[in-house]
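If you read the sequence shown in our numbering, its first letter stands for residue 1, the second for the next number, and so on.
Notes to accompany the following structure.
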Amino acid sequence: MFVVMKRNACCGAFFLLAMLASAQVMAARPMITDDARVVDAKACQVESWARRNQNGSNEFWAQPACNFTGNLEVTVGGAWTRDDGVTQNSARVIQGKTLFKPLETNGWGWGLALGTMRDPHGGNGRNWYGYVPASFSFFEDRFVLHTNVGWQRDQGTKRSHATWGLGSETRLTERSWLVAETFGAADGKPHYQMGVRYWVVPDRVQVDTTYGNRLGGGERWISVGLRLLSPAFLP
Numbered sequence: 001m002f003v004v005m006k007r008n009a010c011c012g013a014f015f016l017l018a019m020l021a022s023a024q025v026m027a028a029r030p031m032i033t034d035d036a037r038v039v040d041a042k043a044c045q046v047e048s049w050a051r052r053n054q055n056g057s058n059e060f061w062a063q064p065a066c067n068f069t070g071n072l073e074v075t076v077g078g079a080w081t082r083d084d085g086v087t088q089n090s091a092r093v094i095q096g097k098t099l100f101k102p103l104e105t106n107g108w109g110w111g112l113a114l115g116t117m118r119d120p121h122g123g124n125g126r127n128w129y130g131y132v133p134a135s136f137s138f139f140e141d142r143f144v145l146h147t148n149v150g151w152q153r154d155q156g157t158k159r160s161h162a163t164w165g166l167g168s169e170t171r172l173t174e175r176s177w178l179v180a181e182t183f184g185a186a187d188g189k190p191h192y193q194m195g196v197r198y199w200v201v202p203d204r205v206q207v208d209t210t211y212g213n214r215l216g217g218g219e220r221w222i223s224v225g226l227r228l229l230s231p232a233f234l235p
């Protein structure tokens, strides 16, 4: 659907960013705005990336996900942050996503994702979120538009927020795509991100790189990611 000055501030900012439209968690790398797709039935994937923030801190994410039933993608992952020479686990994520209408070429699809995220050093318990991803395919999948509308509950402040995301994928070549998006919550300036993803091995190994910031500046980041997808192998 579902991201800072010293260590605590750094962790809080990317924790919020991940919650805004999730995804880490949960969209296909490198997008935060999620798509109306799930991993192939009985298959798994691992999405991992490193992110360098404007303040000099670094984030390292890993998000394994599997589709055990054919229409339920389960993600369990987390993040580590390195700041001022200290590295610590800074986010733990569990999410489930299902589709009510799978995305088709020149058609559309939608689904539902629900999840929870916790900063093990934050002391505020788990935050909860949900969102509806909807995707629209145009020109034989050469351009795909994604929208997210969601909600998150911040256990620290005991407040709930509406979240949203709008993203696109534009095919450049058979193996490369331009991705661009904007996303945010109802009570803050939105973020934006753009970059390129490339299939090293079609449908199996993908790499990407992006640049992002908050509108108005002040939260610049760059990221580099690796996505690995398996064939079906689960019983």
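Just so it is clear, CB atoms sit at the ideal spot from N, CA and C, and this is done for glycine as well.
Computed from a predicted structure; not experimentally measured.
Exercise. What residues in its chain sit with their C-beta under 7 Å from that of Q155, if we drop five residues either side in the sequence?
Worked result: Position 155 of the sequence shown holds residue 155. Around Q155: N124, G125, R126, N127.
Exercise. Where does A41 sit, in a helix, a strand or coil, going by DSSP?
Worked result: Indexing the sequence shown from 1 puts residue 41 at position 41. The answer is coil: DSSP assigns A41 none of H, G, I, E or B.
Exercise. In whole angstroms, what separates the C-alpha of K158 from that of P120?
Worked result: Within the sequence shown, numbered from 1, the residue matching residue 158 stands at position 158. Within the sequence shown, numbered from 1, the residue matching residue 120 stands at position 120. In this structure, the alpha-carbon of K158 lies about 18 Å from that of P120.
For this session: Examine the Cβ distances between the segment 134-143 and the segment 172-185 and report whether three or more of them are shorter than 8 Å.
Result: The segment 134-143 and the segment 172-185 do not touch, with fewer than 3 CB-CB distances between them shorter than 8 Å.
Exercise. What residues in its chain sit with their C-beta under 6 Å from that of Q88, if we drop five residues either side in the sequence?
Worked result: As a first step, residue 88 must be located in the sequence shown, where it is residue number 88. Sequence-distant Cβ neighbours of Q88 in its own chain, meaning closer than 6 Å and more than five residues away, do not exist here.
Exercise. Apart from the five residues on each side of it in sequence, which residues of its chain come closer than 6 Å, Cβ to Cβ, to N106?
Worked result: Reading the sequence shown from its first residue, position 106 is the one you call residue 106. Counting only Cβ-Cβ distances below 6 Å, and skipping sequence neighbours, we find S137.
For this session: Answer yes if the segment 60-68 comes into contact with the segment 45-52, meaning at least three C-beta pairs across the two stretches below 8 Å, and no otherwise.
Result: Verdict: yes, contact present.
For this session: Work out the CA separation of N53 and G243 for me, nearest whole Å.
Result: Because the chain spans 1 through 235 in this model, residue 243 falls outside it and cannot be assessed.
Problem set entry | Counted within 10 angstroms of its Cβ, other Cβ atoms place M5 as buried (16 or more) or exposed | Residue numbering aside, residue 5 sits at position 5 when the sequence shown is read from its first letter. For M5, the predicted model reports a pLDDT of 31, less than 50, meaning its position is unreliable; a value from the coordinates is still stated below. M5 is exposed by the Cβ-count criterion.
Exercise. So, helix, strand or coil for I222, using DSSP?
Worked result: To locate residue 222, count along the sequence shown from 1; it is residue 222. I222 falls in the strand class under three-state DSSP.
Exercise. Hey, L229 and Q45: beta-carbon distance below 8 Å or not?
Worked result: Position 229 of the sequence shown holds residue 229. Position 45 of the sequence shown holds residue 45. In contact: L229 and Q45 (Cβ atoms closer than 8 Å).
Problem set entry | E181 versus G165: straight-line alpha-carbon distance, rounded | Translated into positions along the sequence shown, residue 181 becomes position 181. Translated into positions along the sequence shown, residue 165 becomes position 165. Spanning the two alpha carbons is a distance of roughly 7 Å.
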